[in-house]
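First comes the structure, then the notes that go with it.
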């Protein structure tokens, strides 16, 4: 039997604020004991599955590109609608790799600069054979 991913962890300055951003993006629930100023915060997925999201305070700033990042696939909206929603929650555009033919993805950053992608929904990929990205 193989292991499962228990947590995806983020080093950050403000655990409460960053957890709030990701809670709004993913619909994950905050732990009731998480309060502003705590050195740790966690989010639980709505279906009780894993992975959880874990945020820990560190003193240093993020200075380079992530070595691992999350790719989000919209479920009930298009890629472009999801990009606009997440930008409205406080993300910033890093690189827009969306193409005029509807393929591609967008690289965004959360409020502390952690990169993540928004790819096309499953429905948007049905009509094309071009891969988004690995």
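Residue numbers (my numbering): 2 to 135.
Even for Gly, the Cβ is constructed at its ideal location relative to N, Cα and C.
{"query": "Residue 81 versus 11, 100 and 127, residue with shortest Cα-Cα distance", "result": "100"}
{"query": "Closest by C-alpha distance to residue 77, when choosing among 2, 16, 125 and 12", "result": "125"}
{"query": "Uninterrupted beta strand (DSSP E) stretches inside the region 12–56 (no shorter than 3 residues)", "result": "41–45"}
{"query": "Alpha carbon of residue 38 to alpha carbon of residue 73, nearest angstrom", "result": "28 Å"}
{"query": "Cβ shell of residue 9 (< 6 Å), same chain only, five flanking positions each side left out", "result": "52 and 54"}
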